[in-house]
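A.B. asks:
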Amino acid sequence: MEQQIVEKLREITKEEEEILQGKNIEKSRYFTSGNHTIDSKKMLERGKLIDIRPHTRFADFPKHKHNYIEIIYMIEGKTIHIIDDSEKVILEKGDILFLNQHTYHKILPAGKNDIGINFIVLPEFFDVALSMIEEENELKNFLVDSLRQETATTSYLHFRVSEVLPIQNLIENMTWSILNKENNRGKINQTTMGLLFLQLLNHTDKLQGSKKGYNGVIINVLRYIEENYRNATLGELAKQENQSIYQLSRLIKSHTGYTFKELLQIKRFNKAVQLLTDTKLPIADIIVAVGYDNTSYFYRVFRKKYKISPKEYREKLCK
Numbered sequence: 155m156e157q158q159i160v161e162k163l164r165e166i167t168k169e170e171e172e173i174l175q176g177k178n179i180e181k182s183r184y185f186t187s188g189n190h191t192i193d194s195k196k197m198l199e200r201g202k203l204i205d206i207r208p209h210t211r212f213a214d215f216p217k218h219k220h221n222y223i224e225i226i227y228m229i230e231g232k233t234i235h236i237i238d239d240s241e242k243v244i245l246e247k248g249d250i251l252f253l254n255q256h257t258y259h260k261i262l263p264a265g266k267n268d269i270g271i272n273f274i275v276l277p278e279f280f281d282v283a284l285s286m287i288e289e290e291n292e293l294k295n296f297l298v299d300s301l302r303q304e305t306a307t308t309s310y311l312h313f314r315v316s317e318v319l320p321i322q323n324l325i326e327n328m329t330w331s332i333l334n335k336e337n338n339r340g341k342i343n344q345t346t347m348g349l350l351f352l353q354l355l356n357h358t359d360k361l362q363g364s365k366k367g368y369n370g371v372i373i374n375v376l377r378y379i380e381e382n383y384r385n386a387t388l389g390e391l392a393k394q395e396n397q398s399i400y401q402l403s404r405l406i407k408s409h410t411g412y413t414f415k416e417l418l419q420i421k422r423f424n425k426a427v428q429l430l431t432d433t434k435l436p437i438a439d440i441i442v443a444v445g446y447d448n449t450s451y452f453y454r455v456f457r458k459k460y461k462i463s464p465k466e467y468r469e470k471l472c473k
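The letter at position 184 of the sequence shown is residue 338 when you use the numbering used here, and the numbering goes up by one with no holes.
#1: Expressed to the nearest angstrom, what Euclidean distance is found between the alpha-carbon atoms of Q175 and K162?
#2: Please report the Cβ distance between V315 and G248, rounded to the nearest whole angstrom; I am assuming they are in contact, meaning their Cβ atoms lie under 8 Å.
#3: Could you please give me the residues that DSSP links to G270 through a beta bridge?
#4: Tell me whether the stretch 445-458 and the stretch 350-358 touch, counting them as touching only if at least three CB pairs, one residue from each stretch, are closer than 8 Å.
#5: Taking 6 Å as the line, does the beta carbon of K232 fall inside it for any heavy atom of the ligand SAM?
#6: On the premise that S309 lies in contact with T257, defined as a C-beta separation below 8 Å, what is that separation, rounded to the nearest angstrom?
#7: Determine, using beta carbons only, whether K452 and I441 come nearer to each other than 7 Å.
#8: DSSP three-state label for D281, please.
#9: The beta strand (DSSP E) with P216 in it runs from where to where?
#10: Taking the beta carbon of D281 as the centre, do at least 16 other beta carbons fall within 10 Å, making it buried, or is it exposed?
#11: Looking at the secondary structure, which residues open and close the alpha helix (DSSP H) in which P320 lies?
#12: Buried or exposed for N295, going by 16 or more other Cβ atoms inside 10 Å?
#13: For F423, I'd like the list of residues in its chain whose CB is within less than 8 Å of its CB, leaving aside the five on either flank, ordered along the chain.
#14: Taking the beta carbon of S398 as the centre, do at least 16 other beta carbons fall within 10 Å, making it buried, or is it exposed?
#15: Assuming L203 and L276 form a contact by the criterion Cβ under 8 Å, report the distance between their Cβ atoms to the nearest whole angstrom.
#16: Please list the segments of the alpha helix (DSSP H) lying wholly inside the stretch 366-415, counting only runs of 4 or more residues, in order along the chain.
What follows is the structure, encoded as structure tokens:
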């Protein structure tokens, strides 16, 4: 990785200074209401789908889980992770660890030269990557499982890919884009993540371990929503899958924690946000483009989800 980036990430953070002075990790930086879940609202600015932070060194990071996907990349040195109280994963230089939502893990203390970065990623960020992966495989199963609101069956993926230059370059490109707040970084990073997954598919022999499980019907559901979100209906999908609406509804809910309507709404609003960010289309046209004909309903749901209006969202991003 470019030395300038490495040196920036090597710097001792304010949190690490406090740890070196004998203080414990301040849990309020990460957790809400005393639980063991690191909250995405504390890690990400409102409206962001992805960000990075250097891994906190010099202290044992206690057992925890996230309500987002965490991707850990080792730039130098190593870190040791205990996953679900049983599996020991050692990350070395160039390794990548994907941790799904609600996967418990703890991290043993890292030294000064153990430089890692944590990508904090909301599940909806993977929309583009999901559309780029056509066949069923470990990575697609991981993305499907990232939608679960409770325990995921694909809890982690560990790749040893330090010698694979295209993968290392893609990670560096995303890191550079986020750190330097590159223009159009949202779409660029989503596409880069998709390319990263495609490259990883070429190197599944480098996959060291995972806990896994999937359902092919759910993959078809997500593909259908991805391709037909403007006019998608549960009835049409049920016919395609040769299932009753009731059976398919129960299957979707049990595997993702969401209803079909909620999954469709997530996709439509992700697309709306992309159009607000990347285009100058009038908001009324965006509402129609993502499949809504009730403007009042769109505005009401948008404000509930993002706490601001579509116009305010666009203006904030354009500053």
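Cβ coordinates follow ideal geometry from the N, Cα and C atoms, glycine included.
C.D. replies: The answer reads as follows:
#1: For the purposes of this step, residue 175 is identified with residue 21 of the sequence shown, where counting begins at 1. For the purposes of this step, residue 162 is identified with residue 8 of the sequence shown, where counting begins at 1. So the two alpha carbons sit approximately 22 Å from each other.
#2: Looking up residue 315 in the sequence shown gives position 161. Looking up residue 248 in the sequence shown gives position 94. V315 to G248, Cβ: 6 Å. Contact.
#3: As a position in the sequence shown, residue 270 is number 116, starting the count at 1. DSSP lists M228 as partners of G270.
#4: Short answer: they don't touch.
#5: This structure does not include the ligand SAM; it has no bound ligands of any sort.
#6: Indexing the sequence shown from 1 puts residue 257 at position 103. Indexing the sequence shown from 1 puts residue 309 at position 155. Confirmed, Cβ separation roughly 4 Å.
#7: Translated into positions along the sequence shown, residue 452 becomes position 298. Translated into positions along the sequence shown, residue 441 becomes position 287. According to the sequence provided, residue 452 is Phe. The question's Lys does not apply to it. Yes, the pair counts as a contact, with Cβ atoms nearer than the cut-off.
#8: Here the question's residue 281 lines up with position 127 in the sequence shown. D281 falls in the helix class under three-state DSSP.
#9: Within the sequence shown, the letter at position 62 stands for residue 216. Boundaries of the beta strand (DSSP E) harbouring P216: 215-220, taken from the DSSP string.
#10: Working through the sequence shown from its first residue, we reach residue 281 at position 127. Around the Cβ of D281, a 10 Å sphere holds 16 or more other Cβ atoms; the residue is buried.
#11: Translated into the one-based positions of the sequence shown, residue 320 becomes position 166. Annotation for P320: the continuous alpha helix (DSSP H) segment containing it runs 319-333.
#12: As a working mapping, residue 295 is identified with position 141 in the sequence shown. In this structure N295 is buried. Its beta-carbon is surrounded by 16 or more other beta-carbon atoms within 10 angstroms.
#13: In the sequence shown, counting from the first residue as 1, residue 423 sits at position 269. The answer, listed in chain order, is V444, V455, F456, K459.
#14: Here residue 398 refers to the residue found at position 244 of the sequence shown. Exposed: under 16 other Cβ atoms inside 10 Å.
#15: Numbered from its first residue, the sequence shown carries residue 203 at position 49. Numbered from its first residue, the sequence shown carries residue 276 at position 122. About 5 Å separates the beta carbon of L203 from that of L276, a gap short enough to meet the 8 Å contact definition.
#16: Within the stretch 366-415, complete alpha helix (DSSP H) segments of at least 4 residues are found at 370-382, 388-394, 399-410, given in chain order.
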